[in-house]
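Last residue of the sequence shown: number 1572 in my numbering, and the count goes up by one each step with no gaps. A short worksheet on the structure shown next.
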Amino acid sequence: MCGVTTAEPTRRRSALRLATGLAAALATGCAAERQAPTAAPAAHPASPHPARAAPAPHRIPGLPTEIDHGPRTTGRVALTFHGQGDPAIARAVLSEAERARAHITVLAVGTWLDAHPDLARRILDGGHDLGNHTLHHRSITTMSEADAYAEITGCADRLRRLTGSIGTWFRPSRTQWSTPLVTRLARRAGYPHVLSYDVDSLDHTSPGAPAVVATVSAAARAGSVVSLHLGYRDTVAALPPLLDHLDRRGLTAVTCTELLT
């Protein structure tokens, strides 16, 4: 009897201590959970330009197989750039065009795309046209049929892999004008038109930015397709004053697709 009476208060005290300890632990845990910082969601840097799909080439009714200019009745010109050279200069050209809300057309060399594959998407995401300027930028009009075709399809394959399309336009390398053979091979590769130009900026001779501006300004008119290059610093410096001059004349720089369709 005495043993039972003595043990009962002991059991009650133990149970009370256990309950008190559990309550304290729960209170501490809840407080810690309330105070714990919530992890911030992973940041995803926004692209400065929305991505767009690479358009595929298609035959444009009413236009010749070889195109050197667009309609003379609209206030538009197309600035086309041979895509090769220092990628930093290429990005600077794109940035200057976009700062002026202008769109351009880049005819890329396949081996240049191999070395700088990110530039294909950069060009398209900026709202510009991207096309084919052969694989190695060699004199395509002096090549055999097999070699010339390999130059065209080699660049087309790289464009397709990078963008899902063979590119909007094809321009032969190291020549202003195509030949019947090159035109036929381009058509076989999927390009119904060959893109030439009617204004040569001569920027590849590095004459200085003022000379580039003067050359293009003197020759460009509504519908002109202007030949320029991505890899020359003179071109970067010439672009803002050139675009300003065209704007004062009521001429808007657009892609070849916008000019011709």
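Ideal Cβ positions, reconstructed from N, Cα and C, are used throughout, including at glycine. As the structure is a prediction and not an experimental result, all values here were calculated from the model.
Run of the alpha helix (DSSP H) containing residue i, from where it starts to where it stops
i     : result
A1413 : From DSSP, A1413 is part of no alpha helix (DSSP H); its letter is neither H nor E.
R1383 : Counting along the chain, R1383 falls outside any alpha helix (DSSP H), and DSSP gives it neither H nor E.
R1432 : 1429-1436
W1423 : 1421-1426
G1465 : 1456-1474
T1453 : Per DSSP, T1453 belongs to no alpha helix (DSSP H) and is neither H nor E.
T1568 : 1567-1571
6 Å Cβ shell around residue i - same chain, five flanking residues per side excluded
i     : result
S1535 : H1380, V1388, D1509, V1510
L1541 : F1392, G1394, G1396, A1401, V1404
H1367 : Inspection of the sequence shows that residue 1367 is occupied by Ala rather than by His. Within the same chain, A1367 has close Cβ partners S1476.
V1523 : S1512, D1514, D1545, A1549
L1562 : G1386, V1388
H1427 : P1398
Nearest candidate by alpha-carbon position, reference residue i, set the options
i     : options                    : result
T1416 : H1439, R1410, R1402, E1407 : H1439
H1556 : M1454, T1526, A1459        : T1526
D1468 : T1494, S1455, A1500        : A1500
A1531 : L1554, V1493, R1495        : L1554
T1453 : P1398, A1564, T1486        : T1486
T1566 : S1507, P1521, W1423, A1413 : A1413
P1491 : A1459, S1517, L1470        : A1459
R1472 : R1433, G1437, I1451, D1425 : D1425
P1552 : S1455, I1371, R1370, A1408 : A1408
P1518 : Y1543, R1383, P1382        : Y1543
A1411 : L1441, V1537, R1559        : R1559
Residue interval of the beta strand (DSSP E) (run including residue i)
i     : result
D1299 : Nothing about residue 1299 can be reported from this structure: the residues present for the chain run from 1312 to 1572 only.
R1387 : 1387-1394
Contacting residues, own chain, Cβ-Cβ under 7 Å from residue i (five flanking each side not counted)
i     : result
I1463 : N1443, T1445, F1481, L1496, A1497, A1500
W1423 : G1394, Q1395
T1568 : P1366, D1440, T1479
V1547 : I1400, A1403, V1404, E1407
Cut-off 8 Å between Cβ atoms - residues of its own chain near residue i, not counting five sequence neighbours on either side
i     : result
V1505 : T1376, E1377, I1378, F1481, R1482, P1483, S1489, V1493, T1494, A1497
R1449 : E1462, S1484, R1485
T1572 : I1371
S1406 : none
S1538 : T1391, H1393, Q1487, Y1508, V1510, D1511, S1512
Rounded distance between the beta-carbons of residue j and residue i, thought under 8 Å
i     : j     : result
A1599 : T1385 : This structure gives no information on residue 1599, because the portion of the chain shown stretches from 1312 to 1572.
G1465 : G1421 : 5 Å
A1564 : L1390 : 5 Å
L1435 : T1474 : 6 Å
R1370 : P1503 : 4 Å
Cβ-heavy atom distance, residue i to the ligand NAD, below 7 Å
i     : result
V1493 : In the structure on display, the ligand NAD does not appear, and there are no ligands present to speak of.
Quiz prompt | Segments assigned beta strand (DSSP E), at least 3 residues, entirely inside the segment 1489-1562 | solution = Within the segment 1489-1562, the complete beta strand (DSSP E) runs of at least 3 residues are 1536-1540.
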